[in-house]
Ligand SMILES: NC(=O)c1ccc[n+]([C@@H]2O[C@H](COP(=O)([O-])OP(=O)(O)OC[C@H]3O[C@@H](n4cnc5c(N)ncnc54)[C@H](OP(=O)(O)O)[C@@H]3O)[C@@H](O)[C@H]2O)c1
């Protein structure tokens with residue numbers, strides 16, 4: 003068996019993936035090249051093996067396949083290779099309006115850009131740790147630092163996830179000999195723009211912003227060898243991001259309308275702060291309505307005269323709350339017992355609401371639970387469940403209820419994110435902060451698309467809120483000072499007011515919380531990530547001596 007190190011690259015047939023393959027072959031690595039395009043991949047493997055004298059294995063695999071990662075892993079076992087470097091590069095930009103697409107292509111695109119990266123990392127990193135050496139390079143994007151925008155609902159949100167995910171995992175892996183780097187290129191001369199129908203964007207980008215994929219791959223390899231958690235390619239891009247840090251997010255959200263000629267075409271009329279159905283029946287769906295912020299939302303909406311569908315797992319608690327709301331506010335209530343960490347839950351909720359026949363004008367995607375385990379210690383089923391409740395169910399329920407709202411010319415989707423979504427990745431936040439960053443960018447993107455129709459999507463970002471969360475989060479008692487804690491009723495009330503006004507992102511927190519959050523956003527990510535990690539080690543009861 004060859005003694006050379008092995009690099010596995012997804013999306014290796016073209017563009018940046020091919021550049022990574024060339025770079026690692028030049029450095030004397032054997033290769034495992036993964037892609038769907040068999041002929042191109044075979045040709046590339048033959049060329050690289052002949053030119054650099056390395057072994058180049060080909061794995062033809064469609065990454066949309068739910069079993070793709072297991073199949074790739076099994077193939078590497080069959081080949082008898084240990085993967086030392088994993089490059090999660092495969093990606094595709096679905097250049098369509100989220101609201102116009104059916105769910106399956108959106109689900110597949112999210113899977114390719116996010117789930118596959120997380121699963122590949124979860125699958126291939128532990129053996130690297132056992133051998134004491136390894137590199138994971140996740141190809142994110144500059145857009146992961148930017149707010150969401152038109153036609154970016156899956157792309158920007160997935161890339162926003164990958165940055166803190168890589169930072170947090172890099173911290174989790176300290177001292178193991180393995181490190182994780184998110185590489186953030188800007189515009190690269192690859193086939194992506196033509197394949198995705200993004201010629202209008204390509205034609206509007208000035209020459210000095212274009213990057214050569216070979217150079218990006220070289221920079222990524224150097225950054226990974228130095229253990230950098232994040233690397234932004236190209237000086238102009240680094241300058242743009244420095245400027246973006248001090249530019250209001252609302253202004254940055256407009257960039258896609260400027261870049262995309264087609265995104266400027268709008269239809270419908272915006273209906274700012276007024277309820278569609280001031281006189282008629284109106285209904286709301288709240289997930290995670292049995293406790294905390296969700297229960298407060300259910301009450302806020304019932305008080306406003308909405309019939310409320312309450313979703314969570316604890317039937318008895320939900321039934322009590324539903325009866326209480328009906329009695330106090332004279333509204334209809336309906337209880338749906340669903341576990342949102344299960345893949346079938348959003349479909350079941352949508353079907354039940356259709357049967358009920360209530361016009362759902364407000365959806366509050368709030369259900370969640372803390373995820374602060376070490377990522378590599380979590381069984382895959384737990385990681386998958388966390389992604390399902392925190393990310394996929396939010397996207398699917400948003401998608402399912404938008405058409406009815408658009409048809410009725412009014413609606414509000416409130417996606418409960420968190421202040422943590424603005425933080426760099428830190429110890430034990432590998433999935434949570436990343437998921438919340440993803441939800442923020444996702445909500446902004448969809449909001450930008452639906453705004454002209456009178457429907458708005460709001461990412462609600464609370465700071466610490468007094469709910470059942472603290473006990474579930476295993477926080478040491480007294481670890482959150484009173485001045486940093488909000489009441490859940492205030493979060494729900496302020497959140498609903500912001501959504502009613504049509505705010506795309508709203509931060510709800512005490513004044514000191516907002517200040518800390520601003521410092522986190524402006525400060526150097528690596529330092530802030532370390533500060534947060536030290537703080538969290540002290541806060542989590544099981545980590546305190
Ligand atoms: N509390 C904070 O400091 C804070 C800060 C920022 C953001 N947030 C976000 O706010 C949201 C609500 O948190 P909270 O503080 O109100 O927490 P909480 O008091 O623990 O309530 C969580 C709610 O989610 C439901 N839920 C949990 N797992 C579920 C599952 N698998 N399927 C269906 N429902 C599930 C729970 O109901 P059942 O147990 O009955 O299923 C409960 O109704 C979360 O998205 C959280 O990320 C919280």
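Numbering (our numbering), first residue to last: 3 to 547. Beta carbons: idealized from backbone N, C-alpha and C, even for Gly.
| query | result |
| --- | --- |
| Those residues which DSSP pairs with residue 426 across a bridge | According to DSSP, residue 426 bridges with nothing at all. |
| Minimum length 4: unbroken alpha helix (DSSP H) runs contained in the region 285 to 355 | 294 to 305 and 317 to 331 |
| Proximity of residue 363 and residue 413 at Cβ, strictly below 8 angstroms | yes |
| contact_flag[the region 150 to 159, the region 97 to 113] where n(CB pairs < 8 angstroms) is 3 or more | yes |
| Under 8 angstroms between C-beta atoms of residue 142 and residue 185 | yes |
| Contact check, residue 34 vs residue 61, beta carbons under 8 angstroms | yes |
| Cα-Cα separation between residue 161 and residue 330, rounded to whole angstroms | 44 angstroms |
| Bridge-paired residues (DSSP) for residue 461 | 417 and 507 |
| Per-residue burial, residue 536 [other beta carbons within 10 Å of its own, 16 or more giving buried] | exposed |
| First through last residue of the beta strand (DSSP E) which encompasses residue 15 | That residue, residue 15, is in no beta strand (DSSP E); it is neither H nor E in DSSP. |
| Whole-angstrom distance between residue 80 and residue 430, CA atom to CA atom | 34 angstroms |
| Coarse secondary structure for residue 548, derived from DSSP in three states | What is shown of the chain runs 3 to 547, which leaves residue 548 out entirely. |
| Sequence-distant residues of the same chain with beta carbon closer than 8 angstroms to residue 254, five excluded per side | 148, 149 and 246 |
| Rounded straight-line distance, which links the Cα of residue 157 to that of residue 95 | 6 angstroms |
| Nearest neighbour of residue 453, chosen from 443, 433 and 505 [CA to CA] | 505 |
| Expected contact under 8 angstroms - CB spacing of residue 31 and residue 48 to nearest Å | Actually they are not in contact, since the Cβ atoms of residue 31 and residue 48 sit about 17 angstroms apart, beyond 8 angstroms. |
| Any non-hydrogen atom of ligand 2 within 7 angstroms of residue 236 CB | Ligand 2 is absent from the structure shown, which contains only ligand 1. |
| Residues that DSSP places opposite residue 136 in a beta bridge | 180 |
| First through last residue of the beta strand (DSSP E) which encompasses residue 84 | Looking at the DSSP string, residue 84 is not in any beta strand (DSSP E), and its letter there is neither H nor E. |
| Alpha carbon of residue 433 to alpha carbon of residue 472, nearest angstrom | 18 angstroms |
| Inter-stretch contact at 8 angstroms, needing at least 3 Cβ pairs: the region 341 to 357 / the region 385 to 399 | yes |
| Residue 527 versus residue 359 - alpha carbon distance | 47 angstroms |
| Simplified DSSP state of residue 155, which is helix, strand or coil | coil |
| Coil, strand or helix - residue 468 by DSSP | strand |
| 8 angstroms Cβ cutoff met for residue 495 and residue 302 | yes |
| Per DSSP, the bridge partner or partners of residue 488 | 467 |
| Residue 283 Cβ short of 7 angstroms to ligand 1 heavy atom set | no |
| CA nearest to the CA of residue 217, picked from 456, 509, 121 and 25 | 25 |
| Outcome for residue 9 when other beta-carbon atoms lying within 10 angstroms are tallied against a minimum of 16 | buried |
| Spatial neighbours of residue 524 in its chain, beta-carbon cut-off 8 angstroms, leaving aside the 5 residues before and after | 247 and 248 |
| Residues that DSSP places opposite residue 49 in a beta bridge | None, per the DSSP bridge assignment. |
| Any non-hydrogen atom of ligand 1 within 7 angstroms of residue 474 CB | yes |
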